[in-house]
Amino acid sequence: MAEVSETTESESPGTEMVRQENLFVAVLRSLGNLVIGLFKGIAQRIIRFVKWTWRGVVRLAGFLRSPAKNTRILSDKFISGVHTFRREMDSLSSIQLLAIIIVFGVFLIAPLLKVVVGSFTIQEGEFVILLLLRNPVFLPQWSPADFRVIRPSPSGIVEIWGIEMGVILNSLYVAAIVTCIAVALGTFFAYLIARYEFRGKTILRTVLLFPMLSTPFVGAIGIKWFLGGNGFLNNLASAFFSWFGLTWTRIEFHGLAAIILVQGLSLFSLVYLNAYSSFVSIDPSLEEQAENLGAKGFTLFRTVTLPLAMPGIQAGAILAFILSIEDLGTPIVFSEDLQAQHCLAYQVFINITSESGSISPIGPAIGMILLAFALMGFLAIRKYAALRSYASGSKGGQWNPRTRRLSARATVLLYLLVVSMLFFALIPQMSVILLSFAEYRSSALFPPLTLDNFAILMNSDIQGALTRTLSYAGIATIGIVLLGVSAAYIISRRKIPGRTALDLLVTSPIAIPGTVIAAGYFTLFYNTPFFPRDAPMFLIVMSYLVRKFPFTVRAAYAGLQQTPVVMEEASLNVGAGRNTTFAKIVVPLIGLSVLAGALLSFVYCVSEVSTSLLLGGANYYQAPLTYWINVTRAGLPPIYGIGPAAALGVLMMSMQMVVITVTNRILKTRASAMTGI
Amino acid sequence: MVTIHLVNLRKTFGDVIATDDVNMDLEEGKLTTLLGPSGCGKTTLLRLIAGFYIPDRGRIFFDDRDVTEIPPNKRKTGMCFQNYALWPHMTVFDNISYGLKMKRMNGMKYTPAAIANRVEKVIDLVHMQGLANRTPHQLSGGQQQRVALARALVIEPDVLLLDEPLSNLDAKLRHEMREEIMRIQKELSITTVYVTHDQNEALSISDMVAVMDKGYIQQYASPKEIYARPQTIFVADFIGKCTFIDAEITSLGEYMKARLPDGQVVSGRSPLEGYPFQVGERVRCAVRPEDLQTERTDPTDNEIMGVANEVVYLGSNLEIHFKVGDIDAVSLLPPDAPASKGDKIRLFAPRANVMVLPLGGVDALRKIPGHPLYSQPAAVSSSAA
Ligand SMILES: Nc1ncnc2c1ncn2[C@@H]1O[C@H](COP(=O)(O)OP(=O)(O)OP(=O)(O)O)[C@@H](O)[C@H]1O
Ligand SMILES: [Mg+2]
Chain A
71 MAEVSETTES ESPGTEMVRQ ENLFVAVLRS LGNLVIGLFK GIAQRIIRFV
121 KWTWRGVVRL AGFLRSPAKN TRILSDKFIS GVHTFRREMD SLSSIQLLAI
171 IIVFGVFLIA PLLKVVVGSF TIQEGEFVIL LLLRNPVFLP QWSPADFRVI
221 RPSPSGIVEI WGIEMGVILN SLYVAAIVTC IAVALGTFFA YLIARYEFRG
271 KTILRTVLLF PMLSTPFVGA IGIKWFLGGN GFLNNLASAF FSWFGLTWTR
321 IEFHGLAAII LVQGLSLFSL VYLNAYSSFV SIDPSLEEQA ENLGAKGFTL
371 FRTVTLPLAM PGIQAGAILA FILSIEDLGT PIVFSEDLQA QHCLAYQVFI
421 NITSESGSIS PIGPAIGMIL LAFALMGFLA IRKYAALRSY ASGSKGGQWN
471 PRTRRLSARA TVLLYLLVVS MLFFALIPQM SVILLSFAEY RSSALFPPLT
521 LDNFAILMNS DIQGALTRTL SYAGIATIGI VLLGVSAAYI ISRRKIPGRT
571 ALDLLVTSPI AIPGTVIAAG YFTLFYNTPF FPRDAPMFLI VMSYLVRKFP
621 FTVRAAYAGL QQTPVVMEEA SLNVGAGRNT TFAKIVVPLI GLSVLAGALL
671 SFVYCVSEVS TSLLLGGANY YQAPLTYWIN VTRAGLPPIY GIGPAAALGV
721 LMMSMQMVVI TVTNRILKTR ASAMTGI
Chain B
8 MVTIHLVNLR KTFGDVIATD DVNMDLEEGK LTTLLGPSGC GKTTLLRLIA
58 GFYIPDRGRI FFDDRDVTEI PPNKRKTGMC FQNYALWPHM TVFDNISYGL
108 KMKRMNGMKY TPAAIANRVE KVIDLVHMQG LANRTPHQLS GGQQQRVALA
158 RALVIEPDVL LLDEPLSNLD AKLRHEMREE IMRIQKELSI TTVYVTHDQN
208 EALSISDMVA VMDKGYIQQY ASPKEIYARP QTIFVADFIG KCTFIDAEIT
258 SLGEYMKARL PDGQVVSGRS PLEGYPFQVG ERVRCAVRPE DLQTERTDPT
308 DNEIMGVANE VVYLGSNLEI HFKVGDIDAV SLLPPDAPAS KGDKIRLFAP
358 RANVMVLPLG GVDALRKIPG HPLYSQPAAV SSSAA
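Chains as they are written, first to last, in this note's numbering: chain A, 71 to 747; chain B, 8 to 392.
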C-alpha cells in the first residue's frame, strides 16, 4: 500500500531537494497526522459552531442597538416571508407542516425545554445543576485507587477496569475512546470494501452490516458471558495454551472498560457506513488527476481520498460519540460493577425511576448535561447531517467507482487480516447467538447446544410484550411515514422561509438522548391525560415516533432528490393540481425509498432501549419487548436469566437482519442513511 | 387562441441575470422562436411563461388576464421539456394520457374511450405506433423526445411551449416533426413558443423570431427582418455570415459616411430607425457576403480592395476569404468569378447593403425612442450596473 516516489536524481541535487525519509518513518508519521487531523477537524467543527452561535448573539445585540429601524427591516422581511409562504404552500402542505410542528413541538421541544428549565430550578437555595457539581460522585477524586486499571482478583482472574474520573468525565472519556475504536475499525473496513475487488466481497459486505444489528444492549448481554472469566473466549484460550503446556491467565473486563469494549464493537458500523458512502461517491477523476501528477498508494490515500471522505468519517465519528454517551443498555447490563453506574445515561435512569410519584429535579439536571454534549455534537455536524446536504451529491454512484482487483496471494493475506478483525468486530452478534443456544451453566469449552432458552417465547408476558412492541412500532411507523414524507417534501420542494430550521428540527432526534426525552416526558406529562400514572403507552409510541423519525425523512428526501423536479412540473403543466401531482407522481416515484426508511424506523423502534426502559417502568404490562428483555436478563434462571434474554435478542436480531438486508438493497451506496445521517 | 404579453420581465438566480428587460407581445396563433446561444436565457423565459418561475419583476398576461402569479397547472400551457421529464413509472400511453385525464371542461372530463382515441392519434402523429406500452427507459433518446412532444400536443393547449423539442432527432424525422408541429399549431391556432439554437430551423418555421443573448432580447421581428435588418451587432453575427469593419462616422443622413482606420470612407445605412447617431461616433459596418459584387452597378457603390487568402468552391458559389488591411472579410461570388489565392481583388458593395450599427449592443437600443427598451439615460446606467 505504501509508496516510494522515485525522485530521479537530477545531475545537480541542489538545494531544492531533500532526501526521501525512511519509508517506515513516513508511514508512521502520516498515520500520526491522520489521527491528529481527525480530531482537529472535529474540533474545528465545534469551534465553527461556537462562532456561529456567537454571531447570532452579536446580531441580536446589533438588533437591540437600533430597535426601531431593525424592527422595520424585520417586519418587512416577515411580510415578504409571509408572502412567499402563501405562494409556496397550498392547503395540503400547510396541514402537513402544521402537523409536523405540533407533534415535534409537543413531544420533542417542550419536554426538552422542560428538562433545561428543570435543571435551573432552585433547590436548597441553589441551582440543581450546581448541586450536582458539588457531588463527589460526579467529579474526579484523583485518588490512586481510581487509576487501578488492572486488578488481579482472588480467584486468579485478572480484571480490567476503567479509570474512575467521576460521572461527567467518565462519560466523556469512554465516548472518546469508543469513537477512536469506531473510526479505526470503520474506516479500515470502508476503504477495503469500497476500493478492492476480491472473492467473497459480497459476503463480507453483508456480514459487515451485522454490527448495525441490535443495540449495544443486546450485544452486551452476550459479550458479558462470552468474555467472562469463565466465558467462551477464556476457555478457548486456556484450552489452546494448555495444549502447549502453558497456562493462560484469564482476563475479564469490568466497569467502564467493559462498556468501552461493547460500544466500540457495536458503534464502529456507524463510521463504516458513512465512510463507505463517502469513499464510493468520490469523483474518480479527482483521484485520477492526483495519480496523473504522480501520487500513488498511501500518498494518494492520505492527500486526496481521505480528505474527501473526511466529512463522512467525522460525521460517523461524532454520531458514535453521541450514541456512546447516551447508551443506557450497556451500563445496565454491567451495573453490578459500581463503576459502570458512573456514567451520565445511567444516572438519569436511576434518578428518574427511583422516584416514582414525585419527580426529583436531579434526573433532568443530569439529562441537561447529557443533552448539552449531544446537541453540541449534532450541531457540529449539522451541515453534514442536514437533509439538504445531499442535494449536490445526487450523482453518487453514477460512475463506476475505482476498485482494484487483488491477486490471489494478496487475497489470502487480506483474508487473514480481515477474518481476525471481523472475528473481533462480530463478537457481540456471535456471543448473543451462541449464548442463546448454550446450556445453562455448562462449563464445557463448547457448551452443549439446546433450544431450552427459546422456551421463553412461550411465556405469556413475553408474548404480550412482543405483540405490544410490534403494534407500538407499527403505529409509530405509520405516523413517521405520514409526517416524514410531508417533511421531506416540504424541505425539498417548497421554498418557504424557515426551511433550514425545519430541517434541523426533524433530523435532530438522532442525536437527542432517549433518557433525556423520557426525563422530559416524566417532568412535563406525568399524571396528565397524555401520561396517566400507570399508562405510558401513548408516550412510548410518541417517543418512538419522534426518535426514529430521521430514518424515514432521510430516505424520503433521498428519493425526492433522485426525482427531478421537472417530473412534477410536467404534471402541473398539463393541468394536474399540486395534490394530484403529489399523489400520482411524487408518491409512486419515491415509494421504494420511503419503504426503506419506514422499515428502518420500524426495526429501530422495536429495538429502542432508553425510553422503553424508563417509560415502561411506569407499568410493566404496557412496557415493550426491550423492557422485558431486561427483566428477563435480571431474572432467575433457568426460566429467566441471560440465556433466555439472549434468545429474545436473537429474535430481535433476525428481524433486524431481514430489514437491514432489504434496505441495503434499496439504498445501495446511500447505505449511510441507515445510520440516520 | 391567446396573445401573450410579456412586460418588463426579469429573472435572476442569485447574481446571475438569467433574463432581463423582456418586452414582447406574442400574437395569437403565431409561432415565435427563441433563438440564441447556450445559456442565454431561453429556457428561463419559457419557464416564466409556463409559470415555473415567478419573475423578480414585470408581468405576464394571457390576453388581458394577468397570469404572473397563477400556478402552472392553471395556465393551460403544454410544455415540452428540454430534458423530456418523462415519468419513469408510467408507460408511454400513461405518460401521454395523463394530461387528458386531468383536463376538465365545464366540469366535464374525457371518457376513457375518448382518451384512448386521442392518445392513439397523437402516437401515430409522432410515429410511435406499437410502443405505447413501453416504459421510458426502454426507449431511445429520440423516441423519448417524441413522447414528450406528444404529451404536450395531445392536450391541445392554449399555449404550446417547446424547449428544443427536436434536438435529438435525425434530419428526416426532424423535418417531418417540424411540419407536424406547424400543421397542428396552425390548425388549432395555438400560440407557440419554440426554443432552438439552430438558426435555419428558426428562420424556416417562425412567424416571429426573438434573438437572445446574455439574457436580453436583442431583436424581436419576422425572420426576414432579422436577416435583412439586424438591430445589433450580435444579431448580424449570429444570423448568417457577416464581414465587420470598425469605423468612425463622418457625416449623417439617410446614407451615412464613415471613415475606416486606414482612411478609406464607406457609405452605408443603418437598419436602426431613430437611433441618434453622432458625427465622430465609433460604429461597426456590416456587409453580408452575398451583397458584395464584382461589378460596379451604381456610382455610389463602395469599392473594396483586398487580397484573397482562401478560395472555397461551394458548387453553386465561390466563397472568398480576403483581407482588407488587417480585417478578415468574406464574400460569396458566382462560381465562375476569376479569383485564386493571393490575387488582388476589387469588389463593390451597394451602399444600401452596408449596415451601420452602433456599438453597445442592447444598451444602444435603449436610446431609440419608441423601442421597448427605451429608457432615460439614468435608467441605462442603473441597469448596466
Ligand atoms: N436554477 C438556476 N440557478 C442558477 N442559475 C441558473 C438556473 N437556471 C438557469 N441559470 C442560469 O441562467 C442562465 C440562462 O439559463 P437558461 O437555462 O435559460 O439557458 P438556455 O438559453 O435555455 O440555454 P441552453 O440552450 O443551453 O438550454 C444561464 O447562465 C444559467 O447558468
Ligand atoms: Mg435551455
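By construction, the Cβ of each residue, glycine as well, lies at the ideal position given by its N, Cα and C atoms.
Please list the terminal residues of the continuous alpha helix (DSSP H) segment that includes residue i.
{"i": "B/V294", "result": "Counting along the chain, B/V294 falls outside any alpha helix (DSSP H), though it belongs to the beta strand (DSSP E) covering R289 to V294."}
{"i": "A/A435", "result": "I432 to A450"}
{"i": "A/D573", "result": "R569 to T577"}
{"i": "A/N305", "result": "F302 to W313"}
{"i": "B/V242", "result": "I240 to F245"}
{"i": "A/L669", "result": "V657 to V676"}
{"i": "A/A387", "result": "L376 to E396"}
Terminal residues of the continuous beta strand (DSSP E) containing residue i?
{"i": "A/M727", "result": "Looking at the DSSP string, A/M727 is not in any beta strand (DSSP E); the run it does join, the alpha helix (DSSP H), is I712 to L737."}
{"i": "A/M612", "result": "Per DSSP, A/M612 belongs to no beta strand (DSSP E); it is in the alpha helix (DSSP H), M607 to R617."}
{"i": "B/L38", "result": "L38 to L42"}
{"i": "B/I56", "result": "Unbroken run through B/I56 is the alpha helix (DSSP H), K49 to A57; no beta strand (DSSP E)."}
{"i": "B/R17", "result": "I11 to F20"}
{"i": "B/P365", "result": "M362 to P365"}
What I want to know is whether the C-beta of residue i ends up closer than 7 Å to one or more non-hydrogen atoms of ligand 2.
{"i": "B/K49", "result": "yes"}
{"i": "B/D220", "result": "no"}
{"i": "B/D170", "result": "yes"}
{"i": "B/L238", "result": "Residue 238 of chain B is actually Gln in this sequence, not Leu. The answer is no for B/Q238."}
{"i": "B/Q89", "result": "yes"}
Is the beta carbon of residue i within less than 7 Å of some heavy atom of ligand 1?
{"i": "B/A92", "result": "no"}
{"i": "A/V729", "result": "no"}
{"i": "B/A209", "result": "no"}
{"i": "B/H204", "result": "yes"}
{"i": "B/S45", "result": "yes"}
{"i": "B/A25", "result": "yes"}
{"i": "B/F241", "result": "no"}
{"i": "B/F20", "result": "yes"}
Tell me, please, which residues DSSP counts as bridged to residue i.
{"i": "B/M263", "result": "B/G275"}
{"i": "B/K116", "result": "B/R111"}
{"i": "B/G85", "result": "B/L167"}
{"i": "B/N309", "result": "B/A356"}
{"i": "A/Y266", "result": "A/R474"}
{"i": "A/E322", "result": "A/E229"}
{"i": "B/K351", "result": "B/V314"}
{"i": "B/V29", "result": "B/L16"}
{"i": "A/E196", "result": "A/Q193"}
{"i": "B/R72", "result": "B/F69"}
{"i": "A/P222", "result": "A/V228"}
{"i": "A/L536", "result": "The partner list for A/L536 (beta bridge, DSSP) is empty, contrary to what the question assumes."}
{"i": "B/V23", "result": "B/F20"}
{"i": "B/I256", "result": "B/A265"}
{"i": "B/F329", "result": "B/A315 and B/A336"}
Name the chain D residues whose beta carbon is nearer than 8 Å to that of residue i?
{"i": "B/P79", "result": "This model lacks chain D altogether, as its protein chains are A and B."}
What beta strand (DSSP E) runs, 3 residues minimum, are completely inside the stretch 203-231 of chain B?
Within the stretch 203-231 of chain B, the runs of beta strand (DSSP E) at least 3 residues long that lie entirely inside it are, in chain order, 215-220 and 223-228.
Of all the alpha helix (DSSP H) runs that stay within the bounds of the stretch 131-183 of chain B, which reach a length of 4 or more residues?
148-161
Please specify which runs of the alpha helix (DSSP H), each continuous and at least 4 residues long, are wholly inside the stretch 91-137 of chain A, giving them in chain order.
If we require 4 residues or more, the alpha helix (DSSP H) runs fully inside the stretch 91-137 of chain A come out as 93-135.
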